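Q: Supplied in structure tokens, the structure appears directly below.
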Amino acid sequence: MNLLFKALNDPTRRQILDLLRTGDLNAGEIAEQFAMSKPSISHHLDLLRQAGLVESVKQGQFITYSLNTTVLDELLGWLLSFQQPTPVASENESNRSVNQ
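Under UniProt numbering, the final residue of the sequence shown carries the number 100; numbering is consecutive throughout.
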């Protein structure tokens with residue numbers, strides 16, 4: 001999960017994810033949207049792929065990237081689990097109110 005948070009921490013990588021929400025893009029199409037070198041964009045794409053946030057498919061001489069929402073769904077589920085009290089927490093709160 002550390003790799004996932006590291007990938008999400010960078011604004012360029014978050015912008016790449018936003019671009020991929022609209023559909024699959026190859027590395028060149030993604031690089032056109034940024035004022036940085038293609039090797040830098042490739043590095044960002046590789047980190048996103050390692051974190052499981054994007055998937056890549058080689059099509060001829062191009063690599064096409066797509067958003068992998070499965071990892072984001074798992075992350076969201078994990079984060080949302082903190083909103084619901086655990087049974088132990090609820091029991092402890094009940095004991096406190098009875099003792100007061």
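In this text, a Cβ means the ideal position worked out from N, Cα and C, and glycines have one as well. Remember, predicted model here, so these are calculated numbers, not experimental data.
How many Å lie between residue 116 and L72 at the Cα?
A: Given a span of 1 to 100 for the chain in the structure shown, any question on residue 116 remains unanswerable.
Q: Give me the Cβ distance between A27 and L8, rounded to the nearest whole Å; I'm assuming they're in contact under 8 angstroms.
A: Taking the first residue of the sequence shown as position 1, residue 27 is located at position 27. Taking the first residue of the sequence shown as position 1, residue 8 is located at position 8. Not quite, the Cβ-Cβ distance comes to about 20 angstroms (not below 8 angstroms), so this is no contact.
Q: Who are residue 113's beta bridge partners in DSSP?
A: There is simply no residue 113 to check, as the chain begins at 1 and stops at 100 in what is shown.
Q: Near T64, what residues of its chain come up, given a Cβ to Cβ distance below 6 angstroms and the 5 sequence neighbours on each side ignored?
A: Taking the first residue of the sequence shown as 1, we reach residue 64 at position 64. Excluding positions up to five away in sequence, the list reads D24, N26, V57.
Q: Given a threshold of 16 other Cβ atoms within 10 Å of its Cβ, counted over all protein chains shown, does R13 qualify as buried or as exposed?
A: Locating residue 13 in the sequence shown gives position 13, where the first residue counts as 1. Its Cβ being crowded by 16 or more others within 10 Å, R13 is buried.
Q: So E29 is in the alpha helix (DSSP H); what residue range does that whole segment cover?
A: In the sequence shown, counting from the first residue as 1, residue 29 sits at position 29. Residues 27-31.
Q: I think V54 touches S40, with their Cβ atoms under 8 angstroms apart; what is that distance to the nearest whole Å?
A: Taking the sequence shown and counting its residues from 1, one reaches residue 54 at position 54. Taking the sequence shown and counting its residues from 1, one reaches residue 40 at position 40. About 16 angstroms; that fails the 8 angstroms criterion.
Q: By the 10 Å Cβ neighbour count, where 16 or more other Cβ atoms means buried, how is A51 classified, buried or exposed?
A: Indexing the sequence shown from 1 puts residue 51 at position 51. It is buried - the Cβ of A51 has at least 16 other Cβ atoms within 10 Å.
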